[in-house]
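Residue 568, in the working numbering, is where the sequence shown stops; the numbers in between run on with no holes.
Heads up, the beta-carbon is just placed ideally off N, CA and C, and yes, glycines get one too.
Quick caveat: nothing in here was measured; it's all calculated off a predicted structure.
For reference, the structure is listed below as structure tokens.
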Amino acid sequence: MLLGKKNILILFLNLLVCACNSNYYQQIEPIQSFNAIDFNSIKPGSLVIFDVDETLIQPVDTFLVNEHTPQGKAFRQKLIQTYPILKSDNHIASIMLQEAQRPLLEPSVIHHINRLKNSGVFVIACTGMNTGPYGIYNSLEEWRYNHLKSLGFEGSFNDILFKIAYSGRNPVFLKGLLATDLKPKGPIVGLFIDTLKLKPQNIIMIDDDYDYLLSVKNECEKRNISFQGYEYKGFKTLPWDEELAQFQADYLIKHKKWLNDKEARTFMRLNSEKLAH
């Protein structure tokens, strides 16, 4: 009989652990579209954080869509071996940033963002990208802010600019955009909240990177802030095309101009026709 009670106790504890783990993971929910989020239920005074790349926006060209895939990373290493200057000179890459298209993945999100702000909800964009000068740009965060603004995104606190010193890096908040300068988002969001003396009871975050969501969730737990994360999976994928990527890279390095996929394929076809004759 005693053994039975022990088994019941163990079973109860296991069920309790499972329930806690289930609740833990429910706080980060995978979604395919912003339409899965009930924006109307978000209370005034809450903070909503949108990631930028592969969440709000995404490039349309094959190489840039695959830039962080194993094929894209291997291609970049091969490219640096062919053109060693690329390792230290950001000028070429900054031209690609300037000329490659990066539209909104879901244009209707701007409507949701404006409604949230009008209802007293704080909204910011948060990107993990580096800050400061980069090639032709004096400030990467300025470039990103201006690009988002051109697409209709304007976050809360759009008249505020401040820098955040953190672990040897230079995160920046610029008019509704928080750039973490390659650092985890959780601690930087915490410092952002402290700097503005915000007291949000709820933080809602949408990001395609699970680790970033977890980082902010952990920061919220330290501060007794309710957290709901959405792992965004609505970004597009394209099959890797090394021949196309190589042509675009060679053309960019030689002519200081980025060709989109359509332009590059047209040039490739014309070159092929010339060789055929």
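| query | result |
| --- | --- |
| Cβ neighbours of Cys311 in the same chain (closer than 7 angstroms, five flanking residues each side left out) | With a pLDDT of 46 at Cys311, under the threshold of 50, the modelled position of that residue is not reliable, and no figure is offered here. |
| Expected contact under 8 angstroms - CB spacing of Leu347 and Phe341 to nearest Å | 5 angstroms |
| Boundaries of the alpha helix (DSSP H) in which Lys364 is found, first to last residue | Pro361 to Thr373 |
| Ranges of the beta strand (DSSP E) found wholly within the stretch 442-523, counting only runs of at least 3 | 452-454, 463-465, 468-470, 493-498 and 517-523 |
| Residue interval of the alpha helix (DSSP H) (run including Asp342) | Looking at the DSSP string, Asp342 is not in any alpha helix (DSSP H); the run it does join, the beta strand (DSSP E), is Leu338 to Asp342. |
| Own chain residues within Cβ distance below 8 angstroms of Tyr436, not counting five before or after | Leu465, Lys466, Gly467 and Leu468 |
| Host alpha helix (DSSP H) of Glu320 (start-end) | From DSSP, Glu320 is part of no alpha helix (DSSP H) but of the beta strand (DSSP E) over Ile319 to Ile322. |
| Rounded separation between Pro350 and Tyr523 - CA only | 16 angstroms |
| Buried versus exposed call for Arg393 [16 or more other C-beta atoms within 10 Å across all chains shown] | buried |
| Residues bridged to Ile415 [DSSP beta-bridge criterion] | Ile340 |
| Residue burial classification, Tyr521 (beta-carbon count within 10 angstroms, cutoff 16) | buried |
| Length of the line joining the Cα atoms of Ala540 and Ala384 | 10 angstroms |
| Segment limits, alpha helix (DSSP H) that includes Val400 | Val400 to Asn409 |
| Met420, enclosing alpha helix (DSSP H) - first and last residue | From DSSP, Met420 is part of no alpha helix (DSSP H); its letter is neither H nor E. |
| DSSP-derived helix/strand/coil call for Leu566 | helix |
| Where Leu377 falls: helix, strand or coil (DSSP) | helix |
| Cut-off 7 angstroms between Cβ atoms - residues of its own chain near Leu307, not counting five sequence neighbours on either side | Here Leu307 scores only 49 on pLDDT, less than 50, and its place in the model is too uncertain to base an answer on. |
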